[in-house]
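Structure record follows, encoded as structure tokens.
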């Protein structure tokens, strides 16, 4: 196992798209997915998706959770949480329960926080857009 | 094979005890004959008491050619002795490098052979199964010698005469194997050392690997040549893993340390895959080499019956 992923929530990696690989079509997996290359089409997994820095995804994404360091052009639908690291670029609508955005990340699109979060004492938010320079919600 | 009715004498046997004995025999696949059981419970052997005489006539032992070396003489004698003790001894055929095991097994199946035991090492195991995996018989393996016996570990089979206990216990697991281009099989891995290709996976998505030369492997029972850490053994789930990475560059790029960063491995699992090479490329499937432009790999889920040990790795 690649050291980078050992001990992390997505430790039991099943699908990896390497940096020099282009994948086209419906990419469906029951396990974790790591994307370091290019994917066009649709991505669906019941576990975690990691989009590494330098990776390009032109696809609608459905996953349990996602950590994004690369670029995604498409709508994202996450069951639990979405984390955008400083190098992340997301152009599309996002639906998730928890959203973590690091300074420097770009998020352009509607963001819908799941209503079921209220049951945990948190209120749902709808973010219209996100300023990449200040890191503030506009 | 004729089955004769079971006759029990009330003066000698507790019917309940015998019923349980018979049930346990049926559960264990009927390997141990009733004769053996009768000996255990202190009765004389009675041929009319046979439930299912799988023992002598239904076992075929295929000895690999390297076992003709005198250093294996004693080991083979011990193995044969143990097999006789377990009453599972059968016909022995010594293979030569020119023997086609498929034709041979098909011929023996017509004479009632239902279990084929491969006596040899990893090479023997792969060579026979890659040609005869679809014949519908149960396969067993007696690993002989210390060298090239990795499968023994995977299948939980001890080496030399100790393996006879596993064969006698007859714990059968059904494993996946793959069909290549609807004609050949592999159960370990298929390897393409270097090719520009397009991969079509489960008719759902394609990976375009035509911009560079790639090293490709499809693995089932053994890790591919260039990746062992990420490999997970799951030979019964109806999926196989494909691994690929850019092929190694020339000597110059190796000396300059270029390319290592870009040689990251990609992997995903599939049920059916199509490898479309730009030009015919060398394909090695379980040691058998050929040049192919198009390779279709389909998984046959749990179609291979194999005798395994308790300490198997899956």
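Residue numbers (the working numbering), protein chains in the order written: chain H, 1 to 138; chain R, 1001 to 1314.
Note that the Cβ used here is the ideal one computed from N, Cα and C, for glycine as well.
No experiment lies behind these values; they were computed from the predicted model shown.
Judged by DSSP secondary structure, residue 1104 of chain R falls within the alpha helix (DSSP H) whose first and last residues are 1101-1109. The straight-line gap separating the alpha-carbon atoms of residue 1098 of chain R and residue 1188 of chain R is approximately 22 angstroms.
By the Cβ neighbour-count rule, residue 20 of chain H is buried, with 16 or more other Cβ atoms within 10 Å of its own. The DSSP assignment places complete alpha helix (DSSP H) segments of no fewer than 4 residues inside the region 1072-1140 of chain R at 1073-1085, 1101-1109, 1122-1132, in order along the chain. Taking the Cβ atoms as the reference, residue 1120 of chain R lies roughly 7 angstroms from residue 1067 of chain R, within the contact range of under 8 angstroms. Taking the Cα positions, residue 1300 of chain R is about 5 angstroms away from residue 1177 of chain R. Beyond the five residues adjoining it in sequence on each side, residue 60 of chain H comes within less than 7 angstroms, by CB distance, of 42, 74, 75 in the same chain, given in chain order. Within the same chain, 1161, 1164 come within 6 angstroms of residue 1082 of chain R by CB-CB distance, once the 5 residues on both sides are set aside. In the three-state reduction of the DSSP assignment, residue 1293 of chain R falls in the strand class, which pools E and B. Under the three-state reduction of DSSP output, residue 1163 of chain R falls in the helix class. Sequence-distant partners of residue 1075 of chain R (beyond 5 residues in either direction) whose C-beta falls short of 8 angstroms from its own C-beta, in its chain, are 1144, 1145, 1160, 1161. At the C-beta level, residue 1221 of chain R and residue 1275 of chain R stay beyond 9 angstroms of one another. Rounded to the nearest angstrom, the gap between the Cα atoms of residue 1232 of chain R and residue 1223 of chain R is 8 angstroms. Against chain R, the CB of residue 46 of chain H has no partner CB under 9 angstroms away; the residue lies outside that interface. When beta bridges are read from the DSSP output, residue 77 of chain H appears opposite H/62, H/95.
By the Cβ rule, the region 1137-1156 of chain R does not count as touching the region 1286-1295 of chain R, because fewer than three pairs are nearer than 8 angstroms. In terms of Cα proximity to residue 1170 of chain R, the closest of R/1069, R/1117, R/1264 is R/1117.
Within the region 1265-1296 of chain R, 1265, 1266, 1267, 1268, 1269 place their CB atoms closer than 8 angstroms to a CB of chain H, listed in sequence order. In this chain, residue 1231 of chain R is not harboured by any beta strand (DSSP E), its DSSP state being neither H nor E. With the criterion set as a beta carbon lying under 7 angstroms from some beta carbon of chain H, the members of the region 1184-1216 of chain R are 1204, 1205, 1206, 1207, 1208, 1209, 1212, in sequence order.
About 21 angstroms separates the Cβ atoms of residue 1155 of chain R and residue 1288 of chain R, ruling out a contact at the 8 angstroms cut-off. If you ignore the 5 residues before and after residue 1183 of chain R, its C-beta comes within less than 8 angstroms of no other C-beta in its own chain.
For residue 1216 of chain R, the closest alpha carbon among the candidates R/1236, R/1210, R/1203, R/1195 is that of R/1195.
Against residue 1246 of chain R, the close residues of chain H are 20, in the order they occur along the chain (beta-carbon pairs closer than 7 angstroms). Assignment of alpha helix (DSSP H) within the region 1166-1245 of chain R, counting only whole runs of 4 or more residues, yields no such run.
For residue 1285 of chain R, the enclosing beta strand (DSSP E) covers residues 1272-1285. With fewer than 16 other Cβ atoms from the protein chains shown falling within 10 Å of its own Cβ, residue 46 of chain H counts as exposed. Listed along chain R, the residues sitting closer than 7 angstroms to residue 15 of chain H by beta-carbon distance are 1267, 1268.
Taking a C-beta distance under 9 angstroms as the contact criterion, residue 101 of chain H and residue 55 of chain H do not qualify as a contact pair.
Take residue 104 of chain H, set aside five residues on each side of it, and the residues of its chain with a beta-carbon closer than 6 angstroms to its own are 86, in chain order.
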